[in-house]
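Read the structure below first, then the notes.
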Amino acid sequence: MLNLEYQKPGTIASSVRRLQSEITHKRQLLLLLQQLQHECIASMETINSYKVTLANELMELKVVVGTKSTVPKDQVYVRNSGCS
Numbered sequence: 073m074l075n076l077e078y079q080k081p082g083t084i085a086s087s088v089r090r091l092q093s094e095i096t097h098k099r100q101l102l103l104l105l106q107q108l109q110h111e112c113i114a115s116m117e118t119i120n121s122y123k124v125t126l127a128n129e130l131m132e133l134k135v136v137v138g139t140k141s142t143v144p145k146d147q148v149y150v151r152n153s154g155c156s
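Listed below in C-alpha cells is the structure:
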C-alpha cells in the first residue's frame, strides 16, 4: 500500500476522503429519514385524533337528528362547525 501511495501520490488519501464524504452523506440521509419518520408518526396521530373526533360528532348528530324529517338549524350547524 505504501508503495502504491509512493508511486501515485494521493491514491490512498483520495479514497479516504471519498469514504469520509460518503459516510457524511449517509449520516445526513439517515437523519433526514428519521425526521421524516417522526413527522409521519405525528401526522398519523393527528389524523387518528381527528378521526375519533369526527366519529363522535357524527354519533351525536345521529342522536340529535334521529328519525326526524326536519331538525332546527341551530342544533345541526353548531355541531357541524365543530368538525371543521
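If you count the sequence shown from 1, you need to add 72 to reach my numbering. Think of the CB as a built atom: it goes at the ideal place given N, C-alpha and C, for glycine as much as any other residue.
Through-space distance from residue j to residue i, alpha-carbon basis
| i | j | result |
| --- | --- | --- |
| Lys140 | Ala127 | 20 Å |
| Glu117 | Leu104 | 20 Å |
| Thr125 | Leu108 | 26 Å |
| Val143 | Ala114 | 38 Å |
For residue i, the three-state DSSP class (helix, strand or coil)
| i | result |
| --- | --- |
| Thr139 | coil |
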